[in-house]
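Colleague: One line per chain: the protein sequences are A and B, in this order. According to numbering that gives the first Met the number 0, the residues represented by the first sequence are 0 to 186, in order. According to numbering that gives the first Met the number 0, the residues represented by the second sequence are 0 to 382, in order.
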Amino acid sequence: MPGTWEVRLSGSGGQGLILAGIILAEAAIIDGQNVVQTQSYGPAARGGASKAEVIISPEEIDYPKVERPDVFLGLNQESVLKYMTGCKENGLAIVDSGLVNHVPPSKARVYSLPITETARKQVGRELVANVVALGALSALSNMVSKESVTTALLRRVPKGTEDMNRKALELGFGLAEQALSAVVGEN
Amino acid sequence: MSTEPRLIQGNEACAEGAIYAGMRFYAGYPITPSTEIAEILARRLPQVGGKFLQMEDEIASMAAIIGGSLTGAKVMTATSGPGFSLKQENIGYACMAEIPCVIANVQRLGPSTGVATAPAQGDVMQARWGTHGDHPIIALTPSSVREAFELTVRAFNLAEQFRVPVILLMDEVVGHMREKVTLPQPGEFPVVNRVKPTCSRENYYPYKADGDKTPPMACFGEGYRYHVTGLFHDESGFATEKPEIIDWQLKRLHEKINQHLDEIITYTSEETEDADLVVIAYGGTARAVSRAVKLARQEGRKVGIFRPQTIWPFPEAAIGELAASGKKLLVAEMNYGQLLLEVQRVAAGRSEVHSCLQSNGELTQPDVILTKIREVYEHAPGN
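1) Looking at the secondary structure, which residues open and close the beta strand (DSSP E) in which B:Cys94 lies?
2) If I measure Cβ to Cβ from A:Val53 and keep anything under 6 Å in the same chain, skipping five residues before and after, which residues do I get?
3) So what does DSSP say about B:Ala115, is it helix, strand or coil?
4) Going straight from the alpha carbon of B:Gly16 to that of B:Thr31, what length do you get?
5) Going along the chain, which residues of the segment 7–26 of chain A sit with their C-beta nearer than 8 Å to a C-beta in chain B?
6) Three or more C-beta pairs under 8 Å: does that hold for the segment 9–24 of chain B against the segment 145–164 of chain B?
7) Out of A:Val130, A:Phe71, A:Ser105 and A:Tyr110, which one is the CA nearest neighbour of A:Thr117?
8) Candidates B:Ile136, B:Lys255, B:Asn257 and B:Ile372: which alpha carbon is nearest B:Lys326's?
9) Using a Cβ-Cβ distance under 8 Å, would A:Glu66 count as near chain B?
10) Which one or two residues does DSSP pair with B:Thr271 in a beta bridge?
11) Measuring only between beta-carbons, confirm whether A:Pro63 sits less than 8 Å from chain B.
12) So the alpha helix (DSSP H) A:Gln38 belongs to, where does it begin and stop?
13) Are there 16 or more other CB atoms within 10 angstroms of the CB of B:Lys73, so buried, or fewer, so exposed?
14) Are the segment 159–178 of chain B and the segment 109–120 of chain B touching, with three or more C-beta to C-beta distances below 8 Å?
15) Measure the alpha-carbon distance for B:Ala287 versus A:Leu112 and round it to whole angstroms.
16) Would you say the beta carbon of B:Glu234 is closer than 7 Å to some non-hydrogen atom of the ligand SAH?
17) Identify whether A:Leu66 lies in helix, strand or coil by the three-state DSSP scheme.
18) I'd like to know if B:His175 contacts chain A, where contact means its C-beta is closer than 8 Å to some C-beta of that chain.
19) In whole angstroms, give me the CA-to-CA distance for B:Ala59 and A:Gly2.
20) Of the choices B:Glu351, B:Leu85, B:Leu252 and B:Ser235, whose alpha-carbon is the least far from that of B:Ser111?
21) What does B:Glu15 reach in chain A if we use C-beta pairs closer than 8 Å?
22) Quick one, which residues of the segment 281–298 of chain B are near chain A if we go by CB-CB under 8 Å, in chain order?
23) Taking just the CA atoms, how far does B:Leu329 sit from B:Val352?
24) If you run the structure through DSSP and keep just helix, strand and coil, what is B:Arg177?
25) Got a sec, what are the start and stop residues for the beta strand (DSSP E) A:Leu74 sits in?
26) List the whole-angstrom C-beta distance separating B:Cys100 from B:Ser142, where the pair is believed to meet the contact cut-off of C-beta under 8 Å.
27) Using only the alpha-carbon positions, how far apart do B:Asn10 and B:Glu35 sit?
28) With C-beta atoms as the reference, is B:Ala94 less than 8 Å away from B:Val47?
29) With a 10 Å radius around its C-beta and 16 neighbouring C-beta atoms as the bar for buried, classify B:Glu298 as buried or exposed.
30) In the DSSP assignment, the alpha helix (DSSP H) including B:Tyr376 goes from what residue to what residue?
31) Would you say B:Glu57 and B:Tyr92 are within 8 Å of each other, going by their C-beta atoms?
32) Distance cutoff 8 Å, beta carbons only. Does A:Asn89 sit that close to anything in chain B?
33) Can you tell which of B:Phe51, B:Lys212, B:Gly129 and B:Ala323 has the C-alpha that lies nearest to the C-alpha of B:Phe161?
34) Would you report the Cα separation of B:Lys241 and B:Glu315, rounded to the nearest angstrom?
35) Output needed for A:Leu126: all residues of its chain with C-beta closer than 8 Å, excluding positions within five of it in sequence on either side, in chain order.
36) Between A:Thr115, A:Gly97 and A:Ile93, which lies nearest to A:Asp106 when the distance is taken from Cα to Cα?
The following block contains the structure:
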């Protein structure tokens with residue numbers, strides 16, 4: 000379907016990927032799109048490989064699962080090996096440079112970004128790595144507007160954490176800008 | 000309730016649908032992938048003057064909602080996998096004593112504890128025959144978040160109208176999926192309440208029914224005294240072993256449903272009119288089939304989809320019509336072939352019946368269904 004984004008967010012249990020998927024889907028609703036969000040996880044609350052998927056489309060969405068990601072996020076090695084298959088050509092893959100050493104060959108443009116490190120060093124909480132990642136992938140793809148993703152984020156996070164989360168999101172936007180300017184510089 | 004579209008999970012839509020329908024008593028024992036229904040209702044019910052009880056197990060949960068219903072409340076429980084097995088004995092009690100109640104079963108991969116977080120549709124026959132003895136049952140099966148809301152409301156309406164347990168047969172895909180939904184406003188959907196007796200307390204016979212075969216139901220606490228039992232009973236509610244009364248009661252239990260099949264059975268059918276091949280699917284699988292049917296149409300193959308919303312009673316007349324027209328039928332489901340058996344029975348050799356079955360803990364992919372569609376479509380009858 001034209002204008003459709005298939006997004007797969009993966010990492011280990013506890014990294015907040017399902018929440019990131021929910022916020023992305025809610026941002027797309029603010030933008031007036033149709034969305035479906037699904038997830039796949041094991042019985043464990045921590046560790047392993049889990050994934051959250053979001054499909055954004057101006058059309059009605061039938062099959063709710065991602066078949067070939069336009070956008071892939073991998074926040075640990077296991078999930079990258081398990082879920083980074085079938086990315087579309089000219090798709091976008093973002094991996095955490097500190098946690099993912101081996102990136103399998105892919106048709107997608109791959110960005111290795113210090114997501115968790117940015118959350119730890121610049122926000123002081125690794126907990127918000129999912130929000131940094133959300134900022135980076137929305138700015139790199141433009142599938143949702145920065146305003147919508149900010150609004151959706153602030154509606155979802157607990158009271159008292161708004162500033163921390165907004166900062167994490169903006170740091171994610173920043174990582175995207177740096178990555179894009181680096182690519183332009185290389186050309 | 001907001002008129003803005005929201006991102007809502009299937010299980011949340013079920014919980015909100017229940018509240019919309021007037022459900023005010025929930026008893027349950029949380030189990031994946033139905034847990035969110037309990038979790039949400041634990042928060043929501045007190046906000047609307049309802050009660051939430053976490054019970055010690057599934058058997059007690061089912062017993063608790065039966066008791067709640069007898070006091071006049073609209074009641075519900077939710078479960079999955081092995082929890083549904085445990086509820087069966089008391090589901091039979093609710094059939095026999097004619098207690099309106101709703102049981103949401105968010106199917107997961109079995110048998111036994113199977114895989115807690117994986118989708119399956121292996122409880123279709125258990126929904127029909129899980130409790131022992133001859134009994135009618137109503138089971139509804141949604142395939143979107145919006146429909147999870149609508150069919151939950153409908154489940155309560157049917158339970159109240161016919162004094163029966165109604166099973167909302169979801170699957171993990173629909174239960175855990177989130178979609179953009181605008182929830183209906185109050186008044187947008189009809190809400191049905193059980194018929195109460197108008198006779199004097201002295202003249203009340205709890206199982207005396209008129210033409211529609213469903214007796215008016217008095218609430219405990221309103222002064223009507225009556226006896227409730229899982230034994231066969233006469234109009235007064237007291238046990239009997241007389242064959243003629245047993246016969247009368249069992250026939251009435253079936254007739255109260257069978258006289259209203261047109262009201263109870265709903266389904267959707269798309270592009271079936273000119274189709275040479277009709278895929279029959281429900282729940283999460285129907286979403287994959289919708290995609291596969293679109294792709295098949297793009298390839299020039301005349302394929303349609305028939306999707307039962309009411310899975311029990313089985314939409315026999317509609318499927319029979321498809322079979323009589325000679326269209327090939329293809330049943331896609333996440334089990335080893337359960338609804339398939341009913342389709343074969345109804346088709347009775349009048350049309351070819353094929354299947355696309357998957358039971359590995361993953362939602363069937365459109366490609367798998369499309370491959371099967373191509374194979375069946377090209378395959379000449381009798382080959």
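Heads up, the beta-carbon is just placed ideally off N, CA and C, and yes, glycines get one too.
Modeller: If we stick to the structure as given:
1) By one-based count along the second sequence, residue 94 of chain B stands at place 95. Counting along the chain, B:Cys94 falls outside any beta strand (DSSP E), though it belongs to the alpha helix (DSSP H) covering Pro81 to Ala96.
2) Here residue 53 of chain A is taken as the residue at index 54 of the first sequence, counted from 1. Take A:Val53, set aside five residues on each side of it, and the residues of its chain with a beta-carbon closer than 6 Å to its own are Val6, Gly20, Leu23, Ala24 and Gln36, in chain order.
3) Translated into the one-based positions of the second sequence, residue 115 of chain B becomes position 116. It is a strand residue.
4) As a first step, residue 16 of chain B must be located in the second sequence, where it is residue number 17. As a first step, residue 31 of chain B must be located in the second sequence, where it is residue number 32. Roughly 20 Å separates the two Cα atoms.
5) Those residues of the segment 7–26 of chain A placed with their C-beta closer than 8 Å to a C-beta in chain B are Ile21, Ala24 and Glu25, ordered along the chain.
6) They touch, by the three-pair rule.
7) Looking up residue 117 of chain A in the first sequence gives position 118. Taking only the C-alpha atoms, the option nearest A:Thr117 is A:Val130.
8) Walking along the second sequence from the start, residue 326 of chain B turns up at place 327. A check of alpha carbon separations from B:Lys326 across B:Ile136, B:Lys255, B:Asn257 and B:Ile372 identifies B:Ile372 as the nearest.
9) As a first step, residue 66 of chain A is located in the first sequence; it is residue number 67 there, counting from the start. By this cut-off, A:Glu66 is an interface position.
10) Locating residue 271 of chain B in the second sequence gives position 272, counting from the first residue. Looking at the DSSP output, B:Thr271 bridges to nothing.
11) Your numbering for residue 63 of chain A matches position 64 in the first sequence. Interface residue, yes.
12) Taking the first residue of the first sequence as position 1, residue 38 of chain A is located at position 39. Going by DSSP, A:Gln38 is part of no alpha helix (DSSP H) but of the beta strand (DSSP E) stretching over Asn33 to Ser39.
13) Within the second sequence, the letter at position 74 stands for residue 73 of chain B. By the neighbour-count rule (16 or more Cβ atoms within 10 Å), B:Lys73 is buried.
14) Short answer: they touch.
15) Here residue 287 of chain B refers to the residue found at position 288 when the second sequence is read from its first residue. Here residue 112 of chain A refers to the residue found at position 113 when the first sequence is read from its first residue. Approximately 35 Å, taken between the alpha carbons.
16) As presented, the structure is devoid of all ligands, the ligand SAH included, so that no description of it is given.
17) Position 67 of the first sequence holds residue 66 of chain A. A small correction: the amino acid at residue 66 of chain A is Glu; Leu does not occupy that position in the sequence shown. Judged by DSSP in its simplified three-state form, A:Glu66 adopts coil rather than helix or strand.
18) Position 176 of the second sequence, counted from the first residue, corresponds to residue 175 of chain B. For B:His175, the nearest beta carbon of chain A is closer than 8 Å to its own beta carbon.
19) As a first step, residue 59 of chain B is located in the second sequence; it is residue number 60 there, counting from the start. As a first step, residue 2 of chain A is located in the first sequence; it is residue number 3 there, counting from the start. Counting only the Cα atoms, A:Gly2 lies some 50 Å from B:Ala59.
20) By 1-based counting over the second sequence, the position of residue 111 of chain B is 112. Among B:Glu351, B:Leu85, B:Leu252 and B:Ser235, the Cα nearest to that of B:Ser111 belongs to B:Leu85.
21) Walking along the second sequence from the start, residue 15 of chain B turns up at place 16. Annotation: B:Glu15 has no Cβ neighbours in chain A at a cutoff of 8 Å; minimum Cβ distance is about 17 Å.
22) Of all residues in the segment 281–298 of chain B, Gly283, Arg286, Ala287, Ser289, Arg290 and Lys293 have a Cβ within less than 8 Å of some Cβ in chain A.
23) Position 353 of the second sequence, counting from 1, holds the residue named residue 352 of chain B. Position 330 of the second sequence, counting from 1, holds the residue named residue 329 of chain B. Each residue's alpha carbon lies about 6 Å from the other.
24) Residue numbering aside, residue 177 of chain B sits at position 178 when the second sequence is read from its first letter. Strand, per DSSP.
25) Numbered from its first residue, the first sequence carries residue 74 of chain A at position 75. Run containing A:Leu74: none; DSSP gives neither H nor E here.
26) On the second sequence, position 101 is the one that residue 100 of chain B refers to. On the second sequence, position 143 is the one that residue 142 of chain B refers to. Approximately 24 Å separates the beta-carbon atoms of B:Cys100 and B:Ser142; this is outside 8 Å, ruling out the contact.
27) Position 11 of the second sequence, counted from the start, is the residue given in the question as residue 10 of chain B. Position 36 of the second sequence, counted from the start, is the residue given in the question as residue 35 of chain B. Roughly 6 Å separates the two Cα atoms.
28) Residue numbering aside, residue 94 of chain B sits at position 95 when the second sequence is read from its first letter. Residue numbering aside, residue 47 of chain B sits at position 48 when the second sequence is read from its first letter. For the sequence presented, residue 94 of chain B should be read as Cys rather than Ala. Taking the C-beta atoms as reference points, B:Val47 is found no nearer than 8 Å to B:Cys94.
29) Residue 298 of chain B sits at position 299 when you count from the first residue of the second sequence. Burial call: exposed.
30) Along the second sequence, one-based indexing puts residue 376 of chain B at 377. Pro365 to Glu377 is the span of the alpha helix (DSSP H), which, as asked, contains B:Tyr376.
31) What you label residue 57 of chain B is simply residue 58 of the second sequence in a count that begins at 1. What you label residue 92 of chain B is simply residue 93 of the second sequence in a count that begins at 1. Cβ atoms of B:Glu57 and B:Tyr92: not closer than 8 Å.
32) Taking the first sequence and counting its residues from 1, one reaches residue 89 of chain A at position 90. Cβ-Cβ to chain B under 8 Å: no for A:Asn89.
33) As a working note, residue 161 of chain B is residue 162 in the second sequence. The shortest Cα separation from B:Phe161 among B:Phe51, B:Lys212, B:Gly129 and B:Ala323 belongs to B:Lys212.
34) One-based indexing of the second sequence puts residue 241 of chain B at position 242. One-based indexing of the second sequence puts residue 315 of chain B at position 316. Whole-angstrom Cα-Cα distance: 33 Å.
35) Taking the first residue of the first sequence as 1, we reach residue 126 of chain A at position 127. These residues qualify, in order along the chain: Gly15 and Ala118.
36) Taking the first sequence and counting its residues from 1, the one referred to as residue 106 of chain A is at position 107. First, the amino acid is wrong: residue 106 of chain A is Lys here, not Asp. Nearest option by C-alpha distance: A:Ile93.
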